[in-house]
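K.L.:
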Amino acid sequence: MNSLPDWAGSTGEVITALARKVWEQVPGLLAALLLILVGYLTARLLRGVAVQALRGVDMLVQRVYQRHGLETPARAQASARLLGEIVFWIVMLFFLTAATHMLGIDTFTAWMNKVVGYLPTLVVGALIILAGILLSNLARDLVVAATPIEPASRRLLGRAVQIAILVLAVVIGAGQIGINITFLIIIASVLLGAVLGGLALTMSLGARSYVANLIGTRYLRDAYRPGQRIRIGEHEGIILDFTPTAVVLETAAGRTMLPGKMFQELASVLVVEDEDHEPR
Numbered sequence: 263m264n265s266l267p268d269w270a271g272s273t274g275e276v277i278t279a280l281a282r283k284v285w286e287q288v289p290g291l292l293a294a295l296l297l298i299l300v301g302y303l304t305a306r307l308l309r310g311v312a313v314q315a316l317r318g319v320d321m322l323v324q325r326v327y328q329r330h331g332l333e334t335p336a337r338a339q340a341s342a343r344l345l346g347e348i349v350f351w352i353v354m355l356f357f358l359t360a361a362t363h364m365l366g367i368d369t370f371t372a373w374m375n376k377v378v379g380y381l382p383t384l385v386v387g388a389l390i391i392l393a394g395i396l397l398s399n400l401a402r403d404l405v406v407a408a409t410p411i412e413p414a415s416r417r418l419l420g421r422a423v424q425i426a427i428l429v430l431a432v433v434i435g436a437g438q439i440g441i442n443i444t445f446l447i448i449i450a451s452v453l454l455g456a457v458l459g460g461l462a463l464t465m466s467l468g469a470r471s472y473v474a475n476l477i478g479t480r481y482l483r484d485a486y487r488p489g490q491r492i493r494i495g496e497h498e499g500i501i502l503d504f505t506p507t508a509v510v511l512e513t514a515a516g517r518t519m520l521p522g523k524m525f526q527e528l529a530s531v532l533v534v535e536d537e538d539h540e541p542r
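For the sequence shown, the working numbering gives the first residue as 263, with consecutive numbering after it.
1. DSSP state of Arg343, grouped into three classes?
2. What does DSSP give as the partner residues of Glu512 in its beta bridges?
3. What are the residues that DSSP puts in a beta bridge with Leu533?
4. Would you tell me roughly how many angstroms separate the C-alpha atoms of Ile443 and Arg517, rounded to the nearest one?
5. Below 8 Å between beta carbons: does that hold for Thr256 and Ile447?
6. In angstroms with no decimal places, state the Cα-to-Cα distance between Phe525 and Val534.
7. So, for Leu292: in the same chain, excluding its five sequence neighbours on each side, which residues have a beta-carbon less than 8 Å away from its beta-carbon?
8. Below 8 Å between beta carbons: does that hold for Met374 and Thr362?
9. Using the C-alpha atoms, what's the distance from Val432 back to Ile298?
10. Please report the distance separating the alpha-carbon of Val503 from that of Tyr481.
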């Protein structure tokens, strides 16, 4: 009959010990919860700062495009939100690590410390790659807008510049993260060699027409002057102006621009007007 009181007494001691242990953990638990709350507020604040910073960069890029007369790219609203979420969870990870350390969860804390210790390297590498993407897009559009060659060659040149900058950024970013970039360097070298070789061939073919127009217009400036009437092929009119690669004529059909290379391929005639201003 004494076993029942003994069992009740043992159970009471266990419950008392458990309650005492839980009570001892309450201050640490409250401190950890407070730390997580502070981390949450800090993460929200930094998320807003990151979003506004990326939107500011986006506005700056928009102004650069407008200043150079380029078609402005789509605004990076989704990218800004994504960056904000990444910043939010990185900050939360730091505070969660501190909270687990405060609670004495050693195994989980050790793992979190390794993750947190690697984060700066990972973030720097990712930022390098992101900056490479933005810079490569801007460089491509500037080259396409500013290079005085045929549209197809301009687009190819712009694409080659974009790929070169992007590959360089990826290689540097991967090296920063800690990835073995030997294989990447080999692939990048082969890719850049192929792109530059194709670019050189295309530029040499595409620039022939441009150079021919430059040379033809140069000789035209020496042979004729604005106000004279000339005939070349089926076109006849009065010279209005010379551009670097063409001559502008006032013809019966209206203002006509003839490429300079036509004057190397076809015979041109200076039309002399008689006293009645009739060409002969």
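Glycine residues also receive a C-beta, built at the ideal position from the N, C-alpha and C atoms.
It should be emphasised that the depicted structure is a prediction, and the values quoted were computed from it without experimental measurement.
P.N.:
Looking at the atomic coordinates:
1. helix
2. Ile500 and Arg517
3. A small fix is needed here, since residue 533 is Val in this sequence, not Leu. DSSP lists Arg491 as partners of Val533.
4. 58 Å
5. The structure shown does not extend to residue 256, since the chain is modelled only from 263 to 542, so the question has no answer here.
6. 18 Å
7. none
8. yes
9. 35 Å
10. Note on residue identity: the sequence assigns Asp, not Val, to residue 503. Distance between the alpha carbons of Asp503 and Tyr481: 14 Å.
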